[in-house]
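All remarks here apply to the structure that follows.
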Amino acid sequence: MFQTAAILVLLATIVGIIVHWFAFPASTECRSEGVVRGLIHVFSLLLIEQRCSLLGALKKLCYIAAAVCFVLLGLTGFWSVVLAGDHISGWPMILHATLAPIFAICLAILAITWAGQNRFEKGDCPWLHRLLRRVTRLALPAQDGPCRCAETSLKVTFWAIMILALPLILSIVLSMLPLFGTHWQDFALAAHGWTALVFAVAVLIHTYLAVRIRLGQ
Amino acid sequence: MRKELILALVVLLALPLAALWAQEEPTPGGLLGDKSDGSRAHPTHLIPLIAEDEDGEKGEQVALDADVVLPFSTKWTCGECHSYNVINHGWHFNALDPNAPAGRPGEPWIYPDHKLGIQIPLSYRDWPGTYKPADIGMTDFRFTKLYGRHFPGGGPGETTATEIDDIGRQYVSGKLEINCLACHNGHFGQDMGGVNGWAVNIAVKENYRWAAAASCEFAAVTGSAAGMTEAYDPFMPEGDADEPAVNYAEHAFDADGNVLLDIVRESPNQRCYYCHSDVFFTDEEGHDEKWAHEEDVHLKAGLTCVDCHRNGIEHDIVRGYPEEIADSNNPLVASTTCQGCHLPEGSDVPEAGRLGAPIPEHVGLPPVHFKRLTCTACHSGPWPDTETTLAKTARAHRLGTPSVNKAKEMLPHIVAPVFADEGGKIAPHKMVWPAFWATEAEGEIKPIALDVVEKSVGDVFAELEIPENGDWPGISTEQVAQALTALSAAVDANAVYVAGGSLYRLVDANNVAEETDHPAAEPYMWPIAHTVRPATQSLGIRYCTDCHSNDEGFFLGAVTVDSPLVSETKITKEQLAFQGLPRFRTKFFAFSFVFRPFFKIVALGASALIAVVLLLFALKALGAVARVLAEDQ
Chain A
256 MFQTAAILVL LATIVGIIVH WFAFPASTEC RSEGVVRGLI HVFSLLLIEQ
306 RCSLLGALKK LCYIAAAVCF VLLGLTGFWS VVLAGDHISG WPMILHATLA
356 PIFAICLAIL AITWAGQNRF EKGDCPWLHR LLRRVTRLAL PAQDGPCRCA
406 ETSLKVTFWA IMILALPLIL SIVLSMLPLF GTHWQDFALA AHGWTALVFA
456 VAVLIHTYLA VRIRLGQ
Chain H
44 MRKELILALV VLLALPLAAL WAQEEPTPGG LLGDKSDGSR AHPTHLIPLI
94 AEDEDGEKGE QVALDADVVL PFSTKWTCGE CHSYNVINHG WHFNALDPNA
144 PAGRPGEPWI YPDHKLGIQI PLSYRDWPGT YKPADIGMTD FRFTKLYGRH
194 FPGGGPGETT ATEIDDIGRQ YVSGKLEINC LACHNGHFGQ DMGGVNGWAV
244 NIAVKENYRW AAAASCEFAA VTGSAAGMTE AYDPFMPEGD ADEPAVNYAE
294 HAFDADGNVL LDIVRESPNQ RCYYCHSDVF FTDEEGHDEK WAHEEDVHLK
344 AGLTCVDCHR NGIEHDIVRG YPEEIADSNN PLVASTTCQG CHLPEGSDVP
394 EAGRLGAPIP EHVGLPPVHF KRLTCTACHS GPWPDTETTL AKTARAHRLG
444 TPSVNKAKEM LPHIVAPVFA DEGGKIAPHK MVWPAFWATE AEGEIKPIAL
494 DVVEKSVGDV FAELEIPENG DWPGISTEQV AQALTALSAA VDANAVYVAG
544 GSLYRLVDAN NVAEETDHPA AEPYMWPIAH TVRPATQSLG IRYCTDCHSN
594 DEGFFLGAVT VDSPLVSETK ITKEQLAFQG LPRFRTKFFA FSFVFRPFFK
644 IVALGASALI AVVLLLFALK ALGAVARVLA EDQ
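Right, here's the structure in full:
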């Protein structure tokens with residue numbers, strides 16, 4: 256079931272991103288060469304501004320490491336499970352287990368360094384503001400600005416990634432401790448798989464939105 | 044005309060009835076003792092003893108005052124109430140039955156010969172890697188003489204001899220019937236291995252007809268069929284002291300000439316132990332005897348062998364391996380496995396805890412281990428050491444019989460434990476490296492008959508001295524070359540020698556060419572199931588590095604390559620070679636466990652940081668909501 260679900264969800268996410276890209280181009284410049292520019296952005300890692308400071312460089316390095324780890328972890332984690340329907344084993348497992356703690360550290364650093372700029376603010380979601388005014392009848396000032404959907408969604412995916420990171424990491428680390436029997440080990444493994452799937456979707460969407468926002472600037 | 048028609052009809056109807064009546068194989072459940080009525084009390088076996096007549100049919104009741112006091116026949120005595128012709132299709136007796144599934148390969152019979160450099164696994168079953176006794180020119184009669192000591196009769200012991208040399212001997216010795224008492228005699232006087240018991244009467248005296256009587260507590264057998272000529276008639280003895288004769292204890296017979304037998308359905312462990320004992324040697328001083336080793340944890344917990352290894356009248360005994368359901372009609376095979384008692388699943392009603400089996404939690408063990416390992420890999424046999432040890436078994440080394448060489452080096456050499464792939468899972472095995480003389484034709488290797496080998500190469504090895512400990516005397520490659528030269532001339536074909544995992548071909552009179560890892564020289568392995576260790580002694584109980592370590596024996600331990608040839612250095616192979624795993628990757632993975640604790644600390648620390656960040660911002664968000672709801676903003 257996981258194999259089928261993973262294939263469907265990942266395919267749907269990728270297809271959705273591609274369709275969204277062409278249906279709602281990030282900028283007028285993107286119609287014809289947007290895909291190429293988008294890819295260049297991703298691969299040249301211009302998703303975050305280069306700040307000329309040690310902290311800025313470290314943050315960028317951390318982001319690069321996280322991105323590389325994500326790709327490799329995703330490949331090693333999903334390859335055998337999704338394509339072969341078998342447990343991850345052999346060199347893919349060794350690579351997966353080697354990169355996992357690095358990814359965990361990167362996620363923690365990204366959480367600390369990016370949490371502030373991903374706080375939700377007043378103008379993030381005007382429709383939610385309007386809903387709250389209607390439902391609660393509170394004297395909330397009107398928010399009539401344009402919906403900054405991309406930025407809001409980016410923040411949502413950021414927090415989704417951070418929230419999902421906890422079960423993703425803990426489901427495997429706790430199973431390595433002599434705490435749980437076979438039933439809970441199976442549960443932890445399943446939880447890791449499903450969490451990883453949702454996590455991957457969140458990361459893909461987050462990356463896509465980051466590219467869009469960058470291209471629109 | 045009408046009368047002829049009626050007669051014809053009657054004959055036509057009577058023929059199938061007659062065929063049914065003449066049928067040799069009664070259906071199970073046909074005799075009184077074939078199926079129990081449900082009472083768990085033991086029936087009292089106060090029964091007459093019946094002998095066999097000279098035609099091999101049912102004879103007279105054994106009487107102490109008879110002219111010729113014959114040994115009782117289990118076939119006709121026990122067969123009065125229990126269908127002998129059903130029982131002899133059971134697992135212990137059906138090795139020669141081509142229709143009987145061979146099942147999982149098990150312990151073979153091993154024929155060793157020090158001076159000829161032979162150690163060849165034999166089996167009547169189609170177990171890959173074993174050879175049929177006939178492949179080395181061994182008749183069923185000779186096989187019975189060599190190995191009847193440790194099987195309960197029947198099988199090859201009951202086949203009718205066809206070789207000229209054996210026909211006459213078989214009339215004198217009789218056939219080796221199934222000895223029901225070997226398993227079902229509850230009396231402590233059942234003598235299988237004593238100087239006057241079952242084993243000696245078969246292996247030394249060829250008293251096959253008398254062996255069952257010799258083994259029981261109320262009869263003694265004297266004399267020896269082996270010492271009689273083929274003209275001797277056991278049904279008309281002359282009263283010579285050397286003639287085989289049975290003397291029954293008078294007190295065993297009641298006034299009606301019946302004997303009270305202590306028959307138990309559930310065989311005591313001692314009966315099983317006679318054929319199924321083994322010992323694993325270690326380098327530790329004083330640890331070679333059975334009292335220095337623990338028994339199986341199931342036995343110490345109060346179970347008996349037959350609590351798990353059950354059967355009905357068909358004697359289709361449960362062997363206990365997971366795939367047995369494909370090979371056996373015993374209804375209990377699916378549930379009488381490790382998993383069947385300890386981790387049952389798939390039933391509509393609860394089945395956990397059968398026979399008091401604890402349900403294991405396997406705390407901290409990743410579930411992938413259950414796909415890659417058998418239960419026995421972690422729970423059975425000796426703890427894997429950096430090198431395999433020698434093992435002995437009752438059947439291979441005739442344990443429990445007189446004058447056994449107790450040295451651990453006594454042939455045949457069985458090495459254990461070898462953790463090898465068995466049907467996609469790693470399991471512990473015992474292993475024997477075959478050594479035999481053979482011919483090679485079109486790539487096919489066929490063993491040469493023992494008598495041919497003995498005649499042809501006996502002179503080459505005549506000077507070899509067999510060590511006191513029964514080890515290989517050590518033969519040189521030059522001697523192998525000389526032997527191959529003589530053999531090739533004798534058999535008029537390309538003679539080769541298989542030993543130590545290699546095939547040796549003749550180059551010239553003093554040289555041989557060695558082909559290593561030849562398929563015909565592959566070791567024969569059979570799974571270890573017992574001795575099951577307690578859970579607190581299972582692999583992995585301490586940490587993952589019980590196996591995943593470059594210092595431990597599970598993956599990288601040395602498996603001794605046993606060979607009759609003299610070698611300056613001990614030849615070994617890594618356990619990995621038998622597991623189908625890549626060496627570098629396994630070593631690298633084992634090395635990675637050094638960093639595992641740091642992995643956990645880092646991952647937990649990162650999780651804690653992320654959790655703190657989430658909590659902090661969640662609290663901030665909550666504060667913002669609280670301010671909105673308080674209408675402060």
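Same order as they appear, the protein sequences are chains A and H. The opening position of the first sequence corresponds to residue 256 in the numbering used here, with each subsequent residue numbered one higher. The opening position of the second sequence corresponds to residue 44 in the numbering used here, with each subsequent residue numbered one higher. C-beta: ideal position from N, C-alpha, C; glycine also. Predicted, not measured: the structure shown is a model, and the values here were computed from it.
Closest by C-alpha distance to residue i, when choosing among the options
i, options, result
"Pro455 of chain H", "H:Ala536, H:Trp515 and H:Glu394", "H:Trp515"
"Ile614 of chain H", "H:Val602, H:Leu624 and H:Cys124", "H:Val602"
"Tyr316 of chain H", "H:Asp326, H:Ser166 and H:Asp234", "H:Asp234"
"His88 of chain H", "H:Val307, H:Ala109 and H:Arg415", "H:Val307"
"Gly467 of chain H", "H:Leu624, H:Val550, H:Ala532 and H:Val555", "H:Leu624"
"Asn301 of chain H", "H:Gln104, H:Leu52 and H:Ala84", "H:Gln104"
"Val112 of chain H", "H:Pro607, H:Ile210 and H:Val264", "H:Val264"
"Ala268 of chain H", "H:Trp241, H:Gln213, H:Ala400 and H:Phe296", "H:Gln213"
"Ser606 of chain H", "H:Thr520, H:Leu530, H:Ala620 and H:Met279", "H:Thr520"
"Gly596 of chain H", "H:Lys630, H:Cys223, H:Ser610 and H:Glu611", "H:Lys630"
Neighbouring residues, chain A, relative to residue i (Cβ below 7 Å)
i, result
"Leu657 of chain H", "Met417 and Ile418"
"Val406 of chain H", "Pro433, Leu434, Phe435 and Gly436"
"Leu652 of chain H", "Ala363, Ala366 and Ile367"
"Ala649 of chain H", "Ala359, Ile360, Leu362, Ala363 and Ile424"
Paired residues, beta bridge with residue i - DSSP
i, result
"Pro490 of chain H", "H:Ala481"
"Trp253 of chain H", "Beta-bridge pairing links Trp253 of chain H to no other residue."
"Gln104 of chain H", "H:Ile93"
"Phe115 of chain H", "H:Ala94"
"Ser545 of chain H", "H:Ala542 and H:Thr559"
"Thr603 of chain H", "H:Thr615"
"Asp156 of chain H", "H:Ile161"
"Trp569 of chain H", "H:Lys473"
"His88 of chain H", "H:Leu304"
Contact list for residue i against chain A, beta-carbon separation under 9 Å
i, result
"Leu599 of chain H", "Under the 9 Å cutoff, chain A gives no residues; its nearest Cβ is about 17 Å from Leu599 of chain H."
9 Å Cβ cut-off: residues of chain H touching residue i
i, result
"Ala322 of chain A", "Here the premise fails: no neighbours, minimum Cβ distance about 17 Å."
"Ile349 of chain A", "Arg628, Phe631, Phe632 and Ser635"
"Ser335 of chain A", "Chain H residues near Ser335 of chain A: none, gap ~12 Å exceeds 9 Å."
Euclidean distance between Cα positions of residue i and residue j
i, j, result
"Gly76 of chain H", "Glu309 of chain H", "14 Å"
"Thr379 of chain H", "Asn137 of chain H", "21 Å"
"Val496 of chain H", "Asp156 of chain H", "11 Å"
"His193 of chain H", "Phe184 of chain H", "15 Å"
"Gln66 of chain H", "Gly122 of chain H", "Any answer about Gln66 of chain H is weak, because its pLDDT of 43 lies below 50 and its placement is not dependable; what the coordinates show is given next. Straight-line Cα distance between these residues: approximately 16 Å."
"Glu388 of chain H", "His294 of chain H", "54 Å"
"Glu281 of chain H", "Tyr275 of chain H", "9 Å"
"Pro148 of chain H", "Ile571 of chain H", "11 Å"
"Ala685 of chain H", "Ala484 of chain H", "There is simply no residue 685 of chain H to check, as chain H begins at 44 and stops at 676 in what is shown."
"Val523 of chain H", "Leu432 of chain A", "57 Å"
"Ile469 of chain H", "Asp379 of chain A", "58 Å"
"Pro69 of chain H", "Tyr127 of chain H", "Unreliable placement is indicated for Pro69 of chain H, whose pLDDT of 49 sits below 50; the coordinate value is still reported in the next sentence. Spanning the two alpha carbons is a distance of roughly 9 Å."
"Gly436 of chain A", "Ala267 of chain A", "35 Å"
"Ala661 of chain H", "Val461 of chain H", "57 Å"
"Gly102 of chain H", "Pro199 of chain H", "23 Å"
Neighbour list for residue i in chain A, Cβ cutoff strictly below 8 Å
i, result
"Pro410 of chain H", "Thr437, Gln440, Asp441 and Leu444"
"Lys630 of chain H", "Residues of chain A passing the Cβ test: none, with the nearest at roughly 11 Å."
"Lys414 of chain H", "His342"
"Phe462 of chain H", "Per Cβ cutoff of 8 Å: no residues; Phe462 of chain H is ~18 Å from chain A at best."
Any non-hydrogen atom of the ligand GTP within 7 Å of residue i CB
i, result
"Glu273 of chain H", "By its list of ligands, the structure shown contains no ligand whatsoever, and the ligand GTP lies outside what it can speak to."
Chain-ordered neighbours of residue i on chain H, where CB pairs are closer than 7 Å
i, result
"Pro487 of chain A", "Since the first residue of chain A shown is 256 and the last is 472, residue 487 of chain A is not available in this structure."
"Gly345 of chain A", "Arg628"
"Leu313 of chain A", "Ordered by position in chain H, no residue passes the 7 Å Cβ test against Leu313 of chain A, which lies about 15 Å from the chain."
"Ala260 of chain A", "Per Cβ cutoff of 7 Å: no residues; Ala260 of chain A is ~20 Å from chain H at best."
Residue i: contacting residues in chain H (beta-carbon distance under 8 Å)
i, result
"Ser430 of chain A", "Gly407 and Pro409"
Given 8 Å, three or more beta-carbon pairs between the region 346 to 356 of chain A and the region 313 to 330 of chain A
yes
Take every Cβ of the region 428 to 435 of chain H, pair it with every Cβ of the region 319 to 335 of chain H, and state whether three or more of those distances are shorter than 8 Å.
yes
When the Cβ atoms of the region 420 to 429 of chain H are set against those of the region 351 to 369 of chain A, are three or more pairs found closer than 8 Å?
no
Counting pairs of beta carbons, one from the region 366 to 376 of chain H and one from the region 401 to 418 of chain A, are three or more of them closer than 8 Å?
no
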